[in-house]
Every structure is written in structure tokens, then in C-alpha cells.
Amino acid sequence: MISTLAYKNKIYPKFQSEGFAAQFAFPFAKQVCTGVGLDIGCNRLDWCYPNAIPIDPVLNRYDAFNFPMVDLDYIFSSHCLEHLNNWVDAMDYWYTKLKVGGVLFLYLPDYSQLYWRPWNNKKHLHIFTPQVIRDYMENKGYTNIFNSERDLNNSFMIFGEK
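Adding 6 to a residue's 1-based position in the sequence shown gives its number in my numbering.
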């Protein structure tokens, strides 16, 4: 039997309320996120992208605006950007930390999930669409930008190369 939950007369898979959304993006990220990298906002060590340096104030002294001094081949982040006060400043900082040719890989909640909208979930300060993130990345100078649309976790993936 599929466990579900109801929110505002819509039914969602229960796993959407249990955290660790990153597990759905890992198979794709493994294709482009190699070398030395970070997982920003992983929340738990066992939820961290494999072999990445965890970046989360719950786990260590680092956060989205304070990284260890390492040359980065990639930055992976899942369901984190929507929690940051200023997502543009965060992504601008991330860009400065990536090597030329480095990959930014984001997995973000999609507008289609009612509970994840900021007016329903006060932990979320923003809601995104693939086009908003793509527009930011193009403006910043990323190339080879690819994005999914909404998946079965009501989320989307987008990645690009600095």
C-alpha cells in the first residue's frame, strides 16, 4: 500500500514529508558531480551526497555563505535554497567558489506542491520554477545548463557548468 498524506484536499506521497529528498537526485548528480565538492544543506551526515563535504550549520561551522578553503569541482544542494534569506547572494557566493568548469547541481521543490509554498510552509522563504533558476544561471554565465521538470517528488533538478 502506498502511504499518502493530504494537504488542502490534495494527496501526496508520504515520503515528501520525511526529508532526504536528495536521494531522488543522487543518481543524476553522480553523472556530473565528481571530484571535490560540497553538499550544501544536507542536514545529516547520512543524507550527504557521497564523498562530498557536508555544509550545514546543524553539522559543522559552515553554511551557505561560509565554505572551507578548497578548490571545488562541484556544488550539490538539495531542498536548501528555498530556506535562505537571500538565495541570489548565496548563489553568487557559490559561483565564486567553483573552479572554471565546475558544476552547480540543484534539486529544488516545485511550485506544484502546495505545502512547499512559502505562504503555507513558513520554513520556506521562496518557491522556484526551473525557468527562474535557469534565467539566473544564464545571466551569471553558466553554460551547459540542463533541467528537469517536476518529478514524482514534486521537485526539479537543474545543473550547469561554470
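Every residue, glycine too, gets a C-beta built ideally from N, C-alpha and C.
Selection from the options that minimises the alpha carbon distance to residue i
| i | options | result |
| --- | --- | --- |
| D79 | I139, L104 and D62 | L104 |
| S84 | Q137, Q29 and W93 | Q29 |
| P60 | F82, C39, T40 and Q37 | F82 |
| G108 | F34, S23, V38 and G25 | V38 |
| G41 | P74, P56, D62 and D141 | P56 |
| N150 | L110, A12, Y117 and F71 | L110 |
Those residues which DSSP pairs with residue i across a bridge
| i | result |
| --- | --- |
| T135 | Beta-bridge pairing links T135 to no other residue. |
| P115 | S161 |
| I59 | L44 |
| F82 | D45 and F111 |
Exposure of residue i, with buried meaning 16 or more beta-carbon neighbours within 10 Å
| i | result |
| --- | --- |
| D45 | buried |
| V106 | exposed |
| V64 | exposed |
| Q119 | buried |
| I133 | buried |
Endpoints, the alpha helix (DSSP H) within which residue i is located
| i | result |
| --- | --- |
| F170 | Shown here, the chain extends from 7 to 168; a query on residue 170 therefore has no answer. |
| K103 | W93 to K103 |
Segment limits, beta strand (DSSP E) that includes residue i
| i | result |
| --- | --- |
| N150 | T149 to N153 |
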